[in-house]
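Note that the protein sequences, when read in sequence, are chains A and B. For the first sequence, my numbering gives the first residue as 85, with consecutive numbering after it. For the second sequence, my numbering gives the first residue as 85, with consecutive numbering after it.
There are 2 protein chains.
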Amino acid sequence: MTHSHQPEQSDLGVSGLSVHSEAPSPADADQEQNGTLPVLTGMWKPDPASAQPLHRQIAAYLLAKISSGAWPAGMRLPPQRELCRQLGVNRSTVVTALGQLTALGLIEGRRGGGTLVAEMQPSSGDSDPAAAPAEPGRSGNWNDYVEEGIHYPNLPTVQDINRLEYEPGLIRLGTGEPAPELLPGAAMNRVLAGLSQRILPPLSYEEPLGNPALRAAVSRMLARSGIAADPASILITSGALQGLQLIALGLLPRGSSILLEKPSYLYSIHAFQSAGVKFSGLPMDGRGLIPEQLAAEAIRSKAAMLYSIPSFHNPTGILMDAERRRELMQVTGRLGLPILEDGAYQELWLDAPPPPPLKALDHEGRVLHLGTLSKAASPGLRIGWIAGPEPVVRRLADIKMQSDYGASSLSQLAAADWLEGGYHEEHLGILRGKLRDRRDHMLALLQHHCAGLATWNVPAGGFYIWLSLLHSAPPRKLFTAALRAGLLLNTGDLYDRSDRRHLRLSYAYASAAELERGIPLLAELIKRG
Amino acid sequence: MTHSHQPEQSDLGVSGLSVHSEAPSPADADQEQNGTLPVLTGMWKPDPASAQPLHRQIAAYLLAKISSGAWPAGMRLPPQRELCRQLGVNRSTVVTALGQLTALGLIEGRRGGGTLVAEMQPSSGDSDPAAAPAEPGRSGNWNDYVEEGIHYPNLPTVQDINRLEYEPGLIRLGTGEPAPELLPGAAMNRVLAGLSQRILPPLSYEEPLGNPALRAAVSRMLARSGIAADPASILITSGALQGLQLIALGLLPRGSSILLEKPSYLYSIHAFQSAGVKFSGLPMDGRGLIPEQLAAEAIRSKAAMLYSIPSFHNPTGILMDAERRRELMQVTGRLGLPILEDGAYQELWLDAPPPPPLKALDHEGRVLHLGTLSKAASPGLRIGWIAGPEPVVRRLADIKMQSDYGASSLSQLAAADWLEGGYHEEHLGILRGKLRDRRDHMLALLQHHCAGLATWNVPAGGFYIWLSLLHSAPPRKLFTAALRAGLLLNTGDLYDRSDRRHLRLSYAYASAAELERGIPLLAELIKRG
Chain A
85 MTHSHQPEQS DLGVSGLSVH SEAPSPADAD QEQNGTLPVL TGMWKPDPAS
135 AQPLHRQIAA YLLAKISSGA WPAGMRLPPQ RELCRQLGVN RSTVVTALGQ
185 LTALGLIEGR RGGGTLVAEM QPSSGDSDPA AAPAEPGRSG NWNDYVEEGI
235 HYPNLPTVQD INRLEYEPGL IRLGTGEPAP ELLPGAAMNR VLAGLSQRIL
285 PPLSYEEPLG NPALRAAVSR MLARSGIAAD PASILITSGA LQGLQLIALG
335 LLPRGSSILL EKPSYLYSIH AFQSAGVKFS GLPMDGRGLI PEQLAAEAIR
385 SKAAMLYSIP SFHNPTGILM DAERRRELMQ VTGRLGLPIL EDGAYQELWL
435 DAPPPPPLKA LDHEGRVLHL GTLSKAASPG LRIGWIAGPE PVVRRLADIK
485 MQSDYGASSL SQLAAADWLE GGYHEEHLGI LRGKLRDRRD HMLALLQHHC
535 AGLATWNVPA GGFYIWLSLL HSAPPRKLFT AALRAGLLLN TGDLYDRSDR
585 RHLRLSYAYA SAAELERGIP LLAELIKRG
Chain B
85 MTHSHQPEQS DLGVSGLSVH SEAPSPADAD QEQNGTLPVL TGMWKPDPAS
135 AQPLHRQIAA YLLAKISSGA WPAGMRLPPQ RELCRQLGVN RSTVVTALGQ
185 LTALGLIEGR RGGGTLVAEM QPSSGDSDPA AAPAEPGRSG NWNDYVEEGI
235 HYPNLPTVQD INRLEYEPGL IRLGTGEPAP ELLPGAAMNR VLAGLSQRIL
285 PPLSYEEPLG NPALRAAVSR MLARSGIAAD PASILITSGA LQGLQLIALG
335 LLPRGSSILL EKPSYLYSIH AFQSAGVKFS GLPMDGRGLI PEQLAAEAIR
385 SKAAMLYSIP SFHNPTGILM DAERRRELMQ VTGRLGLPIL EDGAYQELWL
435 DAPPPPPLKA LDHEGRVLHL GTLSKAASPG LRIGWIAGPE PVVRRLADIK
485 MQSDYGASSL SQLAAADWLE GGYHEEHLGI LRGKLRDRRD HMLALLQHHC
535 AGLATWNVPA GGFYIWLSLL HSAPPRKLFT AALRAGLLLN TGDLYDRSDR
585 RHLRLSYAYA SAAELERGIP LLAELIKRG
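The following block contains the structure:
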């Protein structure tokens with residue numbers, strides 16, 4: 085299977101990006117497939133102080149890549165401009181090096197532009213008549229398999245974002261994680277110092293459901309939000325994202341369909357679609373999902389479940405009010421519709437605590453509740469959880485055991501100490517204050533620079549402002565133009581494939597100074613259309 | 085989809101286990117599905133000092149389980165004997181408590197034995213005529229979904245093992261991980277102490293391929309085994325098991341088939357089968373895979389790849405010799421057949437270093453190489469890697485980003501320091517000496533107690549001895565009988581579904597004293613047949 089039939093992706097097409105290029109310019113002629121920016125190593129550079137000429141160092145380096153199989157036959161080389169940028173040399177040096185490799189028959193130009201690693205003669209070229217010949221057109225290297233497999237690739241824009249987040253100098257206006265300065269550096273170091281004096285026995289595997297002390301701590305934490313879930317009802321996951329993956333693989337048959345808010349975070353990942361699950365998007369108003377519309381669509385689509393982010397919705401920031409939550413539980417109860425509640429942001433209220441989670445209203449085992457430490461404490465711990473009926477979390481634990489044999493014990497131990505030591509509650513208080521300031525700062529900047537260009541909500545919590553442009557703009561073009569201006573954007577199409585007039589802004593990542601540079605630049609881009 | 089069509093599993097049937105029961109006895113009449121032992125919480129017990137009678141405490145506890153939805157309608161309760169064991173009370177107490185719940189209509193007996201949580205009246209029982217009625221027979225709770233989903237459950241025996249490993253008192257004769265006393269407690273604590281003074285910025289997400297310092301350290305480590313893989317060719321995974329999952333989802337189309345040794349570790353997990361990939365097992369001799377047989381089967385089955393564990397094979401302990409490795413590379417080269425090399429055990433040589441890995445013989449990008457820190461350093465770090473062609477590891481990294489957004493940063497930082505600080509090499513030297521003693525001890529015990537009952541290999545590394553019984557024995561029966569005797573076994577059918585005469589023994593986990601008790605007990609069981 086190739087990914088040509090990836091859902092609703094065809095309109096994104098192929099487009100070239102050139103970040104930080106000395107000469108901002110239109111798309112390079114030779115592109116990597118999928119329109120994503122090609123990657124070199126990001127580490128090696130030729131040594132100008134060496135006696136060996138730069139072009140010879142580069143040729144030797146590329147030769148090593150090819151002869152080790154790291155760049156296998158059929159692989160496209162990065163465009164020349166990109167090679168120049170990454171190796172820090174000028175074009176003639178790269179052209180000379182590539183010429184040497186071409187002369188050796190190691191690389192070759194191809195019709196339509198671009199350069200490929202050439203097919204080599206089989207290294208085992210002895211002519212044993214007993215051995216079968218290789219299938220024609222089959223090199224036997226793994227590169228032939230890159231477009232195979234049942235799991236969809238990320239959207240090109242998401243692939244670019246995942247990589248560009250590690251390029252220094254970009255202002256990240258949409259990043260859904262706390263800036264490093266919002267993370268609890270000193271407190272986490274105290275947790276580690278405690279661990280370093282304590283672990284015994286050291287770092288074995290944990291039980292399938294996860295470390296018991298951590299599950300007990302999560303249970304107590306959930307109780308404070310009104311959720312009764314004892315440790316046997318809780319599965320520790322490697323982040324909430326893994327919870328989604330486990331549910332997609334473990335609970336839903338191929339061909340089922342699920343209801344969800346539209347736009348939704350879930351559109352930006354492919355966990356469910358790769359498992360053959362279809363989406364049925366529902367509209368929201370300022371109070372969240374609209375129960376009547378949900379009922380009609382549930383019946384029409386024969387939905388297997390509802391996925392919802394009731395508190396500080398990603399990407400719109402909407403908070404579902406208490407009455408809607410009750411209505412939603414009633415309507416879905418009558419429909420016999422289970423709910424997957426994503427509570428990733430519920431702790432991050434800024435003005436007042438949100439109403440109790442849907443799980444707190446559930447007495448039938450109809451709600452699975454996802455939570456995470458990534459949004460407040462530390463994304464890098466990769467610790468999340470699923471609370472739900474015991475037979476269900478055991479089924480998911482069994483798949484987790486087959487996926488990665490459990491989350492990092494080190495992370496689980498650190499997370500247990502983090503929660504039990506009171507660090508988490510203390511940190512949340514500090515974090516809320518800082519996020520409130522950041523939100524207000526971003527709102528003020530939007531008022532100053534974007535009034536007349538867009539409208540937006542005032543979120544009561546979470547990370548996100550959903551910017552509605554007054555005029556639509558092709559998202560990939562906007563993304564690319566922004567990148568040239570030094571801005572990394574999360575365009576609305578990531579959360580609703582047909583969207584052409586929204587941006588997800590986040591006040592959690594960029595600093596005040598970056599926002600002060602970034603928002604006016606963004607306004608300029610929107611103005612230019 | 086239900087799991088009734090799980091591959092080759094029907095012969096395992098349903099059987100009841102009763103561990104540590106005061107009265108070892110035949111199978112309970114009411115069983116959990118799949119023949120696995122039911123789980124309660126393992127934490128709560130009634131308080132004999134309380135003024136409230138035990139049966140009332142238990143009834144209140146179970147009521148809370150049911151009314152919170154943790155035990156949803158339709159869920160089977162654990163058998164009475166199991167409830168007694170776990171709650172530490174006698175049968176009449178449990179019977180009284182269950183009687184109270186039955187009287188309330190909360191649980192009900194069912195034909196064929198067993199007790200289910202009863203369907204409740206919908207909590208949202210108001211009669212809004214606008215709402216659709218629930219589908220008949222659909223409760224809407226997640227319990228209905230436990231047998232859905234495309235991912236196969238673990239084999240019942242594997243599920244039992246995964247859970248029973250946390251029951252104290254069992255002698256684990258087949259566990260494929262180092263005993264806690266073989267793990268580097270003090271050295272890992274030094275690594276953590278170092279981290280606790282250093283991390284800044286704290287625990288953010290890492291790059292899609294993984295932490296750069298860790299990739300550089302793995303690259304240097306691989307170089308010592310003859311593998312040229314620079315950091316851009318390496319993906320850090322959450323254990324080597326996740327590498328298998330990513331390859332199954334990312335590189336192989338549904339319906340492809342793969343070659344592998346038979347028996348193989350890969351038969352004991354369902355990563356590939358759940359992705360719709362078929363297995364084609366190959367025989368081995370004492371030198372590993374037999375190249376001629378491989379060629380014939382590759383052509384017949386149109387295999388997409390070969391999976392192999394050339395060094396200290398799991399479960400047989402076989403070491404593929406250097407000549408076979410060369411032949412294998414030649415034959416697969418002519419066939420155009422890519423290889424997935426599992427190098428989990430290659431560092432753990434006991435007598436002499438093994439020949440260079442297959443990846444060291446690869447110059448075309450035809451081998452993906454898996455490695456891990458779980459077998460020598462710390463299973464709980466959950467750190468492994470895949471080395472291979474850059475476009476391939478980037479594809480896998482993209483799926484990993486969609487699966488769990490990267491491995492724990494804390495684990496990655498600890499692993500980098502572990503490798504770079506020289507701890508790993510130092511620990512390996514110590515570990516090899518201890519494993520050598522353990523191997524020799526187990527071999528001596530086998531010689532003393534099992535000669536005439538079985539034959540076995542003398543492994544030159546890794547963890548495993550593959551015990552060949554002279555007479556076949558039904559594996560599930562042997563497993564259950566062993567459990568009653570206090571032994572946890574890994575039966576041969578986990579690694580070759582049709583096997584009825586092998587056991588995978590491991591000298592890595594059980595202590596000398598446990599082996600001295602366990603091997604004679606095992607010999608007794610084998611003798612009884």
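Each residue gets a CB set at the ideal place from its N, CA and C atoms; glycine is no exception. Just so it is clear, the structure is predicted and the values come from calculations on it, not from any experiment.
A Cβ-Cβ contact shorter than 7 Å links K518/B with L266/B. In the DSSP assignment, M368/B forms a beta bridge with L373/B. The stretch 537 to 593 of chain A is shown to contain whole alpha helix (DSSP H) runs of 4 or more residues at 559 to 568, in chain order. For a cut-off of 8 Å, the C-beta gap from I470/A to L442/A is around 14 Å, too long to register as a contact.
For the stretch 337 to 362 of chain A, the residues whose beta carbon sits under 9 Å from a beta carbon of chain B are, in order, P337, R338, S340, I353, H354, A355, S358, A359, G360. One alpha carbon belongs to A592/A, the other to G233/A, and they sit about 35 Å apart. With a threshold of 16 other beta carbon atoms within 10 Å, S495/B meets it and is buried. In the three-state reduction of the DSSP assignment, H453/A falls in the strand class, which pools E and B. A Cβ-Cβ separation of about 4 Å places R588/B in contact with P399/B under the 8 Å criterion.
Bridge partners of I318/A according to DSSP: A471/A. With a threshold of 7 Å between beta carbons, S385/A makes no contact with chain B. Beta-carbon to beta-carbon, N541/B and G401/B are separated by about 5 Å, close enough to satisfy the 8 Å threshold. Per the C-alpha coordinates, the member of L419/B, V415/B, L373/B positioned closest to H397/B is L373/B. As far as DSSP is concerned, E291/B takes part in no beta bridge. Going by DSSP, L442/B is part of no beta strand (DSSP E) at all; its letter is neither H nor E.
The beta-carbon separation of P439/B and D405/B, rounded to 7 Å, stays under the 8 Å limit for a contact. Chain-ordered, the chain B residues with CB closer than 7 Å to the CB of P292/A read N246, R247. DSSP links R195/A through a beta bridge to no other residue.
Residue range 389 to 392 is occupied by the beta strand (DSSP E) that includes M389/A.
In the structure shown, the three-state DSSP call for A263/B is coil. In this structure T539/B is exposed. Its beta-carbon is surrounded by fewer than 16 other beta-carbon atoms within 10 angstroms. According to the DSSP secondary-structure assignment, W433/A is paired through a beta bridge with G545/A. For I342/A, the enclosing beta strand (DSSP E) has its first and last residue at 341 to 345. Annotation for D228/A: no alpha helix (DSSP H) segment contains it, and DSSP assigns it neither H nor E. For Y289/B, a Cβ of chain A is located within less than 7 Å of the residue's own Cβ. Excluding residues up to 5 positions away in sequence, V103, L248, L567, G570, L571, L572 lie with their Cβ nearer than 8 Å to the Cβ of L254/A in the same chain. Just so you know, the alpha carbons of K149/A and K346/B end up roughly 34 Å apart. Under the Cβ distance rule, A154/B counts among the residues neighbouring chain A, one pair being separated by less than 7 Å. Cβ atoms of H533/A and P604/A come within 8 Å of each other, at about 5 Å. If you draw a straight line from the Cα of K459/A to the Cα of R478/B, it is about 26 Å long. Taking 7 Å as the threshold, the shortest C-beta distance from H235/B to chain A falls below it.
At a Cβ-Cβ threshold of 7 Å, L335/A and Y229/B count as neighbours. Here the C-alpha atom of H511/B lies approximately 10 Å from the C-alpha atom of G269/B. Put simply, the CB of D446/B is near chain A, with a gap under 7 Å to one of its CB atoms.
In the three-state DSSP reduction, F363/A falls in the strand class (E or B). Here the alpha carbon of G370/B sits roughly 53 Å from the alpha carbon of E261/A.
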